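Per this note's numbering, residue 47 is the first one in the sequence shown, and the count goes up by one each step.
Structure first, commentary second.
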Amino acid sequence: MKYFMILSFTYFSLISCQKIKHPVSVVTNDSIELSPIDAVAAIAFDSLLLKDKSAELQRFYRYNQFKTVWAEVSNREALIESIEKIHEDGLNDTPYDLPTLRKNNGVYAKITDPEKVQTDILFSESFFKVSNDLYNGRLDPRKLYNDWDIDPKKINTGATMHLALENNAIAQSLDSLRPKNTIYNGLRTALSTLRALPDESFDEFGTGRKIKLNDSLPEVAELKKRLIYWGDLKPEEASARFNAEAEAGLKRFQSRNGLDETGLLDKETVLALNHTKTQNINQILANLERWRWYPRDLGTDYVLVNIPDYSLVAVSNGDTIQRHKVIVGKSARRTPVLSSKFSGLVINPTWTVPPTILKNDLTPAATKNRGYFASRGFTIYDNKGNEVSAQDWNPERASSYRYVQKPGKSNSLGRIKFDFKNNHMVYLHDTNNTNNFNKDDRDLSSGCIRVQNPFDLADYILKTENNAYNKSKIEAIVKTEKTQHIPLKKTIQIHQFYWTAWNTKDGIQFRSDIYKLDDELAAKLN
């Protein structure tokens with residue numbers, strides 16, 4: 047981070063009495079020009095006091111001539127108040143040393159200059175920590191998961207704090223660091239809603255007998271307690287009869303949890319009914335942190351995949367143009383989390399078998415039956431590019447060959463593939479087995495994402511880029527069964543994200559944590 051002034055001493059001396067303030071903002075560049083803060087009753091101190099502090103903090107004070115900057119009580123109180131509210135973002139205040147901030151602020155007028163210097167440094171450190179936690183998240187996803195390619199967002203924290211202090215705008219500055227999207231704001235509201243609920247005292251809800259309309263059973267009374275607690279049923283419906291209102295309430299609960307709206311107590315519904323308030327809060331905490339990791343700007347035109355919701359949306363200028371069901375990676379072969387840009391479409395793609403599928407699927411199957419290759423349209427090549435017959439294939443040297451599946455209706459990628467740069471050899475594609483889109487749980491792939499109605503998605507991409515190709519031209523190419531590449535301008539972003547909770551006008555939505563990440567992340571946050 048360069049946080050610097052391009053000002054000569056003489057020039058600074060001439061203008062110091064008529065300082066021009068910059069508007070408060072999040073500073074992301076490294077070359078903003080700022081004058082030292084003209085702090086009230088500033089105290090100069092020795093730079094050695096910062097020798098154990100971060101390089102970023104040392105830079106901030108160096109460019110403020112090693113003088114204190116937190117003398118104004120309004121700035122100190124604004125930081126304290128902001129930290130006191132940090133729980134609204136699902137973060138605890140432990141890293142910010144709130145008790146010491148309160149104590150030193152309360153006696154600031156009485157303490158010595160050296161104590162004021164230490165207090166100043168503490169307030170600056172706390173601002174830095176809060177800023178980075180709100181802007182990039184408290185944890186680093188790259189250190190938690192090897193299949194999350196989410197880079198931290200650039201922020202010049204020193205310059206951001208400089209402007210906040212200069213404009214007496216601490217609270218506004220910190221608020222501007224929060225993700226500015228409806229999902230994050232909705233999660234904050236959901237967290238407040240859940241925390242306001244009384245502690246529940248429900249017994250484990252068993253599958254028990256099936257309940258049908260107008261049944262009067264003890265299980266119905268227990269079911270209604272839960273539906274009333276979660277807001278899916280009105281309190282006056284607390285009888286032991288499974289009436290139409292109770293059935294509608296159960297369907298609302300199922301809808302909010304991404305389940306089929308059957309009005310029946312199937313296994314998945316019972317599992318969701320047994321979720322506790324604490325579990326749901328932890329889900330919210332985990333998802334708030336994830337949205338602090340994700341890019342603030344998803345782009346003007348983009349495709350967004352929610353992995354545990356098995357869904358994809360295409361967005362243009364803030365308007366959702368298309369929705370698609372998708373199939374994502376199974377738990378053992380997870381779909382990676384990443385952001386990239388579409389680079390091209392491939393019509394009638396070939397498919398080269400990746401290492402994981404080669405090891406776990408193809409080699410065992412072909413070892414049992416060499417006819418596997420012909421039945422699935424595979425051609426085998428050695429490391430010199432020579433074609434190898436199935437009879438000459440050596441399973442002990444399976445990894446030394448390249449396996450290419452020809453285009454056509456049997457190709458695993460279907461009729462179209464969507465390429466984008468990434469480190470995991472994944473892409474979006476069609477499929478030769480569309481029946482799986484009818485399943486509720488669609489974590490079935492080896493990491494790539496299969497898209498329902500992929501030619502509609504291709505049409506959106508081509509129209510958005512004003513490409514000469516369109517849906518009808520692509521369909522004509524498909525009939526030839528010849529592979530054709532269509533390059534793209536790399537203007538449309540693709541985001542593969544993972545979030546299991548969000549808030550809507552119909553209530554808080556929860557989805558199954560298919561990769562079992564929520565509880566661990568919530569625990570590490572706290």
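Every residue gets a Cβ at the ideal spot worked out from N, C-alpha and C, and that includes glycine.
Bear in mind that the values here come from a model prediction, so they are computed numbers and not experimental data.
Top-ranked residue by Cα proximity to residue i, from the options
i	options	result
TYR544	ILE532, VAL434, ILE560	ILE560
ASP428	SER362, ALA436, SER177	ALA436
HIS370	ASN352, ASN363, SER386, GLY364	ASN352
ALA547	GLN329, GLN164, LEU508	GLN329
LYS199	ILE532, GLU123, ASP76, GLN451	ASP76
LEU259	ASN214, LYS376, GLY309	GLY309
ILE327	TRP276, LYS551, TYR181, PRO354	TRP276
THR2	ALA205, THR140, ASP135, ILE216	A query on residue 2 cannot be resolved here, the shown segment of the chain reaching from 47 to 572 and no further.
TYR107	ASP92, GLU118, SER120	ASP92
ASP438	ASP179, ASN572, THR398, THR413	THR413
Alpha carbon of residue i to alpha carbon of residue j, nearest angstrom
i	j	result
SER262	ARG287	4 Å
GLU360	ALA294	Note that residue 360 is Ala in the sequence shown, not Glu. Looking at the two C-alpha atoms, the distance is approximately 31 Å.
LEU459	HIS475	6 Å
SER445	LYS405	8 Å
ASN151	PRO225	29 Å
LEU623	ARG298	The question about residue 623 has no answer, for the chain in this structure spans 47 to 572.
PRO500	THR480	11 Å
GLN218	VAL70	8 Å
THR165	LEU147	8 Å
ASN512	THR322	50 Å
MET471	PRO400	8 Å
LEU233	PHE112	40 Å
THR239	LYS570	23 Å
ARG272	GLU307	17 Å
ILE89	THR114	5 Å
ILE126	PHE248	38 Å
GLN325	LEU279	21 Å
LEU453	ASN478	Sequence inspection shows Pro at residue 453; the Leu mentioned does not correspond to that position. Each residue's alpha carbon lies about 11 Å from the other.
HIS133	TYR506	41 Å
THR203	PHE169	13 Å
LYS270	PRO244	16 Å
SER128	LEU94	30 Å
ARG422	LYS313	37 Å
LYS467	THR425	26 Å
LYS455	PRO187	39 Å
ILE274	ARG241	16 Å
Exposure label - residue i; buried when at least 16 CB within 10 Å
i	result
GLY417	exposed
THR381	buried
LEU190	exposed
ALA411	exposed
VAL374	buried
ARG557	buried
Integer Cβ distance of residue i from residue j, believed to fall under 8 Å
i	j	result
ASP564	ALA332	4 Å
GLU335	LEU223	So it is not a contact: roughly 14 Å between Cβ atoms.
VAL383	ILE229	Contact flag wrong, Cβ pair sits at about 15 Å.
GLN555	VAL372	The pair is not a contact, with the Cβ atoms about 17 Å apart (cut-off 8 Å).
ASP347	ILE538	5 Å
LEU391	ILE532	4 Å
TYR142	LYS175	6 Å
ILE83	GLU171	At roughly 17 Å, the Cβ-Cβ gap does not stay under 8 Å, so ILE83 and GLU171 are not in contact.
Beta-bridge partners of residue i, as assigned by DSSP
i	result
PHE248	None; PHE248 has no bridge partner.
PHE581	Residue numbering for the chain in the displayed model covers 47 to 572; residue 581 lies beyond these limits and cannot be assessed.
HIS584	Lying outside 47 to 572, the shown extent of the chain, residue 584 is not represented and no answer is given.
SER518	Looking at the DSSP assignment, SER518 forms no beta bridge with any residue, so it has no partner.
GLN555	TRP548
ARG496	ILE373, HIS475
VAL349	ALA360, ILE540
TRP194	VAL383
C-beta neighbour in chain C for residue i, strict 7 Å
i	result
ASN328	The displayed structure is made up of one protein chain only, and chain C is not part of it.
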